[in-house]
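Written below as structure tokens is the structure these notes are about.
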Amino acid sequence: MSTANDELEGKHGVQSLEVGMSILRAMATGRRSMMLKDIAQAAGMPPSKAHRYLVSLIRSGLVEQDRLTSRYDLGPFALNLGLVALDRVDRIRLGLLAINDLRDLTNETVALSVWSEGGPVVVRWERPRRPITVNVVTGTSLSLLRSAGGRVFAAWLPERQTEALIGRELDSGRTPAGVRSMDDARALLAQVRDAGLAILTGDYFARGVEAAAAPVFNFKNEITMAIAIVGVEGSMDLSPGGATLAALRRAADDLSRRLGVSPAQD
Numbered sequence: 001m002s003t004a005n006d007e008l009e010g011k012h013g014v015q016s017l018e019v020g021m022s023i024l025r026a027m028a029t030g031r032r033s034m035m036l037k038d039i040a041q042a043a044g045m046p047p048s049k050a051h052r053y054l055v056s057l058i059r060s061g062l063v064e065q066d067r068l069t070s071r072y073d074l075g076p077f078a079l080n081l082g083l084v085a086l087d088r089v090d091r092i093r094l095g096l097l098a099i100n101d102l103r104d105l106t107n108e109t110v111a112l113s114v115w116s117e118g119g120p121v122v123v124r125w126e127r128p129r130r131p132i133t134v135n136v137v138t139g140t141s142l143s144l145l146r147s148a149g150g151r152v153f154a155a156w157l158p159e160r161q162t163e164a165l166i167g168r169e170l171d172s173g174r175t176p177a178g179v180r181s182m183d184d185a186r187a188l189l190a191q192v193r194d195a196g197l198a199i200l201t202g203d204y205f206a207r208g209v210e211a212a213a214a215p216v217f218n219f220k221n222e223i224t225m226a227i228a229i230v231g232v233e234g235s236m237d238l239s240p241g242g243a244t245l246a247a248l249r250r251a252a253d254d255l256s257r258r259l260g261v262s263p264a265q266d
């Protein structure tokens, strides 16, 4: 039979556990082993208090300490938990949720693509609530140079994975204006990396369409998906400081974090 105290504790949680988690969170975002004073500062508590919790975390295997440097780092049990969590992540399910939210926010067609043996493939798209839209067919293979999603994959994948496909596009002659050689393609993809996303307002593989795409990374900082916003040419604000591209960047960054990418540190 539960008591009032049990019910109250159930609602409020266990404060000591929450404090311990704040220490683990500080260590996880530190990206390297840390001294006690740095952990305490990052967790917002006195070093003496942080030390007491670290002792318990070490006993549980969540933290370990280097005896030579006195620095603390995540322990074997914490690493095991992380690997188990990553193994259970359903990236496509999370991607579908992300493009659904982005569609609602921008009222534009939004597509999710992944890499396959034959190049990027659209696995899902969400249609906006407006009379004139661009329909994206699930299963469509994307051009590496004439689609925004394709350019994103070509920009962040190792060249050994994309060189043959890009070569075939160059040989076919169906390439963007000014791209006639592998060096031209490399220069184009370098611009995509510098911008952090791909914007295509002309030379799209489908007529009268424009698009922008952003990369989604996994916990290894490898590109794993691309999110693209697609619209009728001239209908979207694709200016660098516009709301559309800002929403696209946020969606891709948020999804990358859910897949294990750590937030950028100052």
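First residue of the sequence shown? That's 1 in full-length UniProt numbering, and the numbers climb one at a time after it. Here a beta-carbon is modelled for each residue, glycine too, at the ideal position from N, C-alpha and C.
Fully enclosed by the stretch 45-71, which beta strand (DSSP E) runs are 3 residues long or longer? Qualifying beta strand (DSSP E) stretches, in chain order: 63-65.
Secondary structure of A177, DSSP reduced to three states: Here A177 sits in coil by DSSP.
Any contact of the stretch 154-168 with the stretch 180-196, i.e. 3+ C-beta pairs under 8 Å? They touch, by the three-pair rule.
Is D73 helix, strand or coil when you go by DSSP? In the structure shown, D73 sits in a strand (DSSP, three-state: E or B).
Are the beta-carbon atoms belonging to V230 and T140 less than 8 Å from one another? Between V230 and T140, the gap from beta carbon to beta carbon reaches 8 Å or more.
Select from S70, G20, M45 and D90 the residue whose C-alpha is nearest the C-alpha of L57. Residue G20 is the option with its Cα nearest to L57.
Anyone know if the C-beta pair for L144 and L197 falls short of 8 Å? Their beta carbons are not under 8 Å apart, which means L144 does not touch L197 by this criterion.
In angstroms with no decimal places, state the Cα-to-Cα distance between G44 and L54. Approximately 14 Å between the Cα atoms of the pair.
Cβ of M225 within 8 Å of Cβ of R91? It is a contact, given that the beta carbons lie within the stated cut-off.
Run of the beta strand (DSSP E) containing G119, from where it starts to where it stops: First-last of the beta strand (DSSP E) with G119: G119 to E126.
Report buried or exposed for M1, applying the criterion of at least 16 other Cβ atoms within 10 angstroms of its Cβ. Any reading at M1 needs caution, since the residue's pLDDT is 45, under 50, leaving its predicted position unreliable; the model's value is listed next. Exposed: under 16 other Cβ atoms inside 10 Å.
Determine, using beta carbons only, whether V123 and V209 come nearer to each other than 8 Å. No, they are not a contact pair.
Boundaries (first-last residue) of the alpha helix (DSSP H) holding G242: Run containing G242: none; DSSP gives neither H nor E here.
Find out if the Cβ-Cβ distance for the pair A111, A228 is shorter than 8 Å. Yes, the pair counts as a contact, with Cβ atoms nearer than the cut-off.
For M34, write down the residues that DSSP places opposite it in a beta bridge. Its beta-bridge partners are Y72.
Beta carbon of R101, beta carbon of A195: below 8 Å? Correcting the residue identity first, residue 101 is Asp in this sequence and not Arg. At the C-beta level, D101 and A195 stay beyond 8 Å of one another.
Once DSSP output is grouped into helix, strand and coil, what is the label at M225? Strand.
What number of angstroms, rounded off, separates the C-alpha of R127 from the C-alpha of R103? Linking R127 to R103 through their CA atoms gives a straight-line distance of about 7 Å.
Is it the case that the Cβ atoms of L259 and F217 are separated by a distance below 8 Å? Contact: yes.
Taking just the CA atoms, how far does A78 sit from A155? Their Cα atoms are separated by approximately 33 Å.
Which stretch, first to last residue, makes up the alpha helix (DSSP H) that contains V152? Unbroken alpha helix (DSSP H) run through V152: A148 to W156.
On the DSSP bridge list, what partners appear for G231? DSSP output for G231 lists E210 as bridge partner(s).
Limits of the beta strand (DSSP E) - the one that L112 falls within: Bounds of the beta strand (DSSP E) holding L112 are T109 to S116.
Which residues in the same chain have their Cβ closer than 6 Å to the Cβ of V261, if we skip the five residues on either side of it in sequence? F217, listed in sequence order.
Across which residues does DSSP place I199 in a beta bridge pair? Beta-bridge pairing by DSSP links I199 to A212.
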